[in-house]
Each structure stands twice: as C-alpha cells, then as structure tokens.
Amino acid sequence: MIFFAYLKLNLQNMRNFKNKRIYYLVSLILILSLCNIAVLNVQAQIPKHKSTNPAKKISPHLFGLFFEDINYAADGGLYAEMVQNRSFEYNPTERREWLPLSYWEYLSPGFSYGRISVETAAPLHLNNPHYIVLDVEHVGHEEKHTGESGVGIENLGFDNMIIKAGENYNFSIFARQLSETPISLTISLQAPRGKVLAEDKITIDSKNWKQYNNSFTTTESNDSTALVILATTEGKFALDVVSLFPEKTFKNRPNGLRADLAQVLADMKPAFVRFPGGCLVHGDGLGNMYRWKNTIGPIEQRVEQRNIWGYHQTGGLGYYEYFQFCEDIGAKPLPVLPAAVSCQNSGGTWRIGGTGQKALPMEEMDEYIQEVLDLIEWANGSVNSTWGAKRAAAGHPTPFNLEFVGIGNEDKITPEFQERFKMIYNAVKAKHPEITIIGTSGPFHSGEDYEKGWQFATDIEVPMVDEHYYTQPEWLISNQYRYDTYDRNKAQVYLGEYASWGNKLKNAIAEALYMTALERNGDVVQMASYAPLLAKNNFTQWKTDMIFFDNNNICLTPNYYVQQLFSLHQGDYYYDNIIQKDVRDSTLAASCVQDSKTGNIMLKLVNVGNTAKAMKINLSPFKKFIPAAEQIILAGDAAVENTLENPKNIIPIKSSINVSKNFEYSAPAMSLTVIRIKTK
Ligand code: AHR
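See the structure below:
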C-alpha cells in the first residue's frame, strides 16, 4: 500500500518536491523497507495466531527417539553381540558376496586337516536352518609360536572385536556330537598373530543339540581380537549360534545392548522410542516385512532376514529387547507395524523392474490383524493370556504399558493400503480403544501422499498422523509456522522423521528453531523424533544421522545436542509472549515451557543468524521464580561439525545466569540457549 501510494506520489508530484534531499531520503527509506518486507516474505509466512497467554497445555511427551535398524544400528551397533553371522544365515540375497561362512575363517594349525560344510538337515530350529559341520580327520602337532593344533573356525566380529582388560565376556554355542566319541574344543580370544588373551575348554558330549557356555576375563585390552574355536580331538560335530557378549551390557541385561551407545540414548531422557523403523518396517517386498513375532523368544528360534538396507538382521535385538530398553530409560514404547503393504520402493523403483508396493492377499488379512492384536496382548495382557504368558516367560510378568501403535510407514496411499489400514484400524479400535493408533502420510511434507494420507486419516478419524520430511535448513526456517495453522479438530501430529540435510552446527540450529515451533504447537504436535538415530562409521546408508560410532568411539553431533537439550527440558505448558523478539526476523525464534511437576520454567532462545541478537524476556506471569538460573549454550561456527576424531568441536556449555522479571538476552550468533529457571 505504502509503496503504491508512494509510486503515485512519485509519478504525479515528483516535480513538486522542492527539497530534493527529502525526496531522496523518503525514497531510500521506502526502498529499504520494501526490500526488508520482500526478504521476510521469502523466509517465513507469519500467520495471525491467537495469543495463548498465559498458558496452553501441550504434549507431555513431545520429544523422543526414532530407532531404525539402518546404518548397522542394531547388529554390529546397539545390539552388543560381538560375533558376526553367528548363525551362519548370511546369504547372497543380502550382499552378492555373502554366504553362510562369511565372516568366518577355517583354521587347521599344526598341519591338522579336516573338512567344513554348511548343512540344513535336522537344524537346531526350523527358523534357523543353516549350521556348520566340522569333520576333524587329523589333529597335528602344536605350532611352535602359538602352541595350537586342531581344526576349527574364527570370527573377527563386526570389523574386529574390542576386548577390555578386566571385563567379563560370555560365550555360548550350540553343538551336536556327530561321531561316536565326545569332541574337545578350545575356545579362545586372540590378538593378532595368535596371541591368546583368554582361553577355556568345553567338551561336546551330546548327540542332540545342546548349549555350552563359558565366561572369559582378560588382563589385556585389545582392539582387534578374534574368537577362535578349535577342535582338538578327531571326530565330527555340528555347530550353530556362536555368541560372545560383554557381560557389561546396558543395565547388565542378557542378550543386551552396547552399554556406551545405550547410555547416550538414555542421557537424552526421551519421552518415547519409536522402533524398529523406518522403511525397515514395511520391507522390501511382502516377505521382507518386519513381523514382530519373529523377533521374540530364545535367539536361536528367531527368524533372521535380509535388512531392507542391504545387510543382515538377526532379530537378536527384537521386540522384547526394544520394550525392555524403553522401560529401562523411562520412555514410552512406540512400535510401528506394517499396514499389510510393502515399501513402495520394493525391488528398487529406481531400477527398471522394481515391483513397487505389494499388498498382503485378503485371505491373509485375518491372520495379520490377529498378529497386530496379539502384540497388544503380548505387551499389556495378563500373564494368564496367551501372549502375556510369553512375555512373562521371557522374564517380564508385569505389563509394558503400551499406549501407542503406529500402523504403516510413509506408505504410498493407494486403495490397497487404505483398505488394509482400515481393517487393521477398525479391529484395534474395537478391541483396544485405550490404544492410540498412528496413521501415516507419505514420505514428504507435502504432495500427493501427504494430501491423500491426511484426507484418509480425517475421513476415518485416525487420532494421530505420522509425518516425515528431510529438508534443507532453510526450509525449516521458512516453514516454522507450519503447524500454527493446522486444524486442531483433525488428527494430532506425530512428526516421526525429520532432519535438515547435514550435521553442521547450522543444520542443528535450524532444527532447534523449528523445535521451538513444535513446542508452540505442542497442542497439535504430540510427538516428534529426529531421524535416523545411529550410524556406524563406514557402514552407513543414510548420510545425515544423529550419532556416529565405531566399535570403540561415539560422536555426538550438534543435532544430538539440540535434541538432547529440548528433550531434557521438556514442559507440559506453553507460554506465549514471554520472549519478545523482532517478529520480522525469521532467523530468531524462542519458546517458553513449564513443567507442571517441578514448576521449572524453560526458555529456549535460538539465533540462526550470523550476528548476536537481543531478545527481551518478561517473566511477570510467573510469580515466584528463583533468579539464579541455569544456562546452557550450544554455539559456534555455522559450518563446524563433530567427528569421531574430534567429537567435541561443538558441545553445550553450562553456566549460570541471573534472571529478573524483565531482562534482555543477547543470543549469540548461530546458537541455541536454554535457560532453566526454578520456581519456589
Ligand atoms: O530415516 C531413513 C528413512 O527415511 C526411513 O527408513 C524412511 O521411513 C524414510 O524415508
């Protein structure tokens, strides 16, 4: 308006300006303000939203974790099993070069000889069809420098095994004696060149499959240890499920999790954990869908399979372990089950011949729906119920208190999907009205599947919808008001997967800015989780991740610290208008929440710009706060990231700050500040 008035004035009356200097000054001011408006319009559309002052109830479980077995997050990662291909189930459908003996070496030191074969007749369990047979024909003389002789195998684990001095390692194996006399085995942990770090012996003395166990302690640490199994008597025997675990798993759970990795997740105090994916859930074709029943019970009875991300999944980290982990860290479990359709990229849509989404045949739907209902009984049912009894038998008689179940993962919204989703949804709703079912809306923040997914969810009244989007940091800045205009009468939102493309500080701070908006909209956004969570160095399929690791080290990215700061400082009430900033500056954002249990007030102030900027804080709605507050700042150079070699380039710095009813805070360039204020 001002611009058009000015133009008119300019054209008609230019000659009337007596004082040219005033004319140029007015022109300059108007042009500058016009540029400013244009820039801001590009950056973020600010909607008119009602002030919620003084307080609005928001989700008490807004920030949690998304765990997917991608990037070797489970086997070789969080799951503490040290033996790779423990059940000889690797095969070429996973990697062209993989075979049942992959990651195993045949050994025959001291001029011993024999034969090794892979067999399937009379396996340990039908779910675990392959095992090996060793036929020791001759045990030679002890080798000079290692003192070894015999026939056997060795395993180097996932890129070598790490052994720590003074710690215990639990070994177990299933074996069956196939010749007439018992077989003696020497089990050892060996450093390179055959240096024995720990050793023990077992005798295979049963003609039926039997489990044998040992425990090792070493006095020396070693980063390239191998597990060596050598038969020192002649004869024939079968072996399967060769396992080695550190005794010190997270919370010392048997078949447990790598303690250091699990700890950094626990340190986030996530409100929930979603598992087991991601695309892993709906799988590469129907036969590859993640079926939860295949992942419970004794490990030798679990169904191993190809992971959609191109490696192997033992199911050792299965539903029982996921639920147990959630309980151990005080997070709500959020299992996501397939909606009876496979991933739309099945067979690889990028290649000619990809099959696309496949749907379970209708005649299999009753059984599939029962599988979904059984999960709820398994998690929450009494020990007298069929599935509750299985949970109890696994060691957990008390229920796991399941509240949420996701159905489908960013599926293509086809009629086949809709039909099946509706069948599952109706059955769960009828039998378990206490469970919140989460629907899905495609892999993007907008577009066909997003629109159709939301329309479908609205039509059938799904209570919550899962949204996924990976974007540029600029998108997060310009779309920070996305949820302010969401219809509060429709489904609530679970932002199940999101991240900006990158692990630099600027990516993390853009995410922080967006997260203040999630808090502001915590009445409609019920849950949010960054994705993916874990990535093993050199074994990644997805570049931008929250935590990188190798067998020894962990690198927490700036994105991790942002997630952690929001997670540790969650509240259940949102206060508007506490923090004043230049509303036209979309590189600044802030939020104020309060935790009604502790009374603590948490301010989050974000500056994604390149210079420090001031914000004004007015704490007058809070009557009795303590001025001595805690302040945590994550700041630095926009382009810096943490690496496994230099994991501390960017870390949050804690200090104290004195707050008053009205104070000004200068938010450093490229920063997130959390101020935690106690109340009396
Ligand atoms: O997080 C990585 C992948 O991104 C997930 O498996 C999938 O759901 C999404 O497309």
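Each residue of the sequence shown is one higher than the one before, starting from 943 at the first, in our numbering.
Ideal Cβ placement from N, Cα and C applies to all residues, glycine included.
C-alpha distance - residue 1420 paired with residue 1458, whole-angstrom precision: If you take the alpha carbons of residue 1420 and residue 1458, they lie about 14 Å apart.
Pair within 8 Å by beta-carbon distance, residue 1092 and residue 1054: The answer is yes: Cβ separation under 8 Å.
Reference residue 1300; option with closest CA among 1311, 1287 and 1072: Per the Cα distances, 1287.
Where residue 1106 falls: helix, strand or coil (DSSP): Here residue 1106 sits in coil by DSSP.
Option in 1366, 1356 and 1521 with minimal Cα separation from residue 1347: Residue 1366 is the option with its Cα nearest to residue 1347.
Cβ-based burial, residue 1023 [other Cβ within 10 Å; buried from 16]: Under the 10 Å beta carbon count, residue 1023 is surrounded by 16 or more other beta carbons and is classified as buried.
When 1234, 1049 and 1258 are compared against residue 1315, the one with the closest alpha-carbon: Comparing Cα-Cα distances from residue 1315 to each of 1234, 1049 and 1258, the minimum goes to 1234.
Cβ-based neighbour list, residue 1082, same chain, cut-off 6 Å, excluding 5 preceding and 5 following: Excluding sequence neighbours, residue 1082 sits near 1052, 1053, 1054 and 1091.
N- and C-terminal bounds of the beta strand (DSSP E) containing residue 1250: Note, residue 1250: premise wrong, no beta strand (DSSP E); not H, not E.
For residue 1004 and residue 1674, the rounded distance between their alpha carbons: Coverage of the chain is limited to positions 943 through 1622, which leaves residue 1674 absent and any answer about it impossible.
Ligand 1 heavy atom lying under 7 Å from the CB of residue 1352: With a cut-off of 7 Å, the C-beta of residue 1352 is classified as near ligand 1, since at least one heavy atom of the ligand falls inside that distance.
Start-to-end residues for the beta strand (DSSP E) that takes in residue 1145: First-last of the beta strand (DSSP E) with residue 1145: 1137-1146.
Local conformation of residue 1206 per DSSP, three classes: Helix.
Collapsed DSSP secondary structure at residue 1352 in the structure displayed: Secondary structure of residue 1352 (DSSP, three-state): coil.
Presumed contact (8 Å Cβ cut-off) between residue 1193 and residue 1270, rounded CB distance: Contact check for residue 1193 and residue 1270: beta-carbon distance about 5 Å, within the 8 Å limit, so the pair qualifies.
Three-state class that DSSP yields for residue 1224 in the structure shown: Helix.
For residue 1130, the nearest candidate out of 1018, 1191, 1026 and 1105 (CA to CA): The option with the nearest alpha carbon to residue 1130 is 1105.
Buried versus exposed, by CB contacts within 10 Å (16 or more), residue 964: Legend: pLDDT at residue 964 = 44, less than 50; position of this residue unreliable, value from coordinates given subsequently. Exposed, by the Cβ-count rule.
Residue 1427 (DSSP reduced to helix, strand or coil): Looking at residue 1427 - three-state DSSP - the assignment turns out to be helix.
Identity of the residues DSSP links to residue 1127 by a beta bridge: DSSP lists 1144 and 1173 as partners of residue 1127.
Residue 1107 beta carbon near ligand 1 (any heavy atom closer than 7 Å): Incorrect: residue 1107 has no Cβ contact closer than 7 Å to ligand 1.
Anticipated Cβ contact below 8 Å, residue 1036 with residue 1252, distance rounded: A Cβ-Cβ distance of about 7 Å is found for the pair residue 1036 and residue 1252, placing them in contact under the 8 Å criterion.
Cβ distance (whole Å) where residue 1500 is taken to contact residue 1487 below 8 Å: 12 Å between Cβ atoms; not a contact.
heavy atom of ligand 1 below 7 Å from residue 1484 C-beta: It does: the Cβ of residue 1484 is within 7 Å (strictly closer) of some heavy atom of ligand 1.
Simplified DSSP assignment, three categories, for residue 1268: Under the three-state reduction of DSSP output, residue 1268 falls in the helix class.
Proximity test, residue 1012 beta-carbon vs ligand 1 heavy atom, cut-off 7 Å: At least one heavy atom of ligand 1 lies closer than 7 Å to the C-beta of residue 1012.
Span of the alpha helix (DSSP H) around residue 1400: 1390-1402 is the extent of the alpha helix (DSSP H) around residue 1400.
Any non-hydrogen atom of ligand 1 closer than 7 Å to residue 1387 Cβ: Distances from the CB of residue 1387 to the heavy atoms of ligand 1 are all 7 Å or more.
At least 3 beta-carbon pairs within less than 8 Å: the segment 1574-1594 vs the segment 1526-1544: When Cβ pairs closer than 8 Å are counted between the two stretches, the segment 1574-1594 is seen not to touch the segment 1526-1544, the count staying below three.
Supposed close pair residue 1160, residue 1139 - CB separation, criterion 8 Å: Right, their Cβ atoms sit about 4 Å apart.
Where residue 1355 falls, given that 16 or more other Cβ within 10 Å makes a residue buried: Result: buried.
Best match in 1107, 1572 and 1603 for proximity to residue 1563 [C-alpha to C-alpha]: The candidate whose alpha carbon is nearest that of residue 1563 is 1603.
Exposed unless 16 or more other CB atoms sit within 10 angstroms - verdict on residue 1520: Classification of residue 1520: buried, given that the 10 Å Cβ count is 16 or more.
Within 8 Å, strictly: CB atoms of residue 1352 and residue 1385: With contacts defined as CB atoms closer than 8 Å, residue 1352 and residue 1385 qualify as a contacting pair.
Residues near residue 1206 by beta carbon distance below 7 Å, same chain, minus five either side: Result list for residue 1206: 1489, 1496 and 1498, in chain order.
Host alpha helix (DSSP H) of residue 1365 (start-end): First-last of the alpha helix (DSSP H) with residue 1365: 1357-1373.
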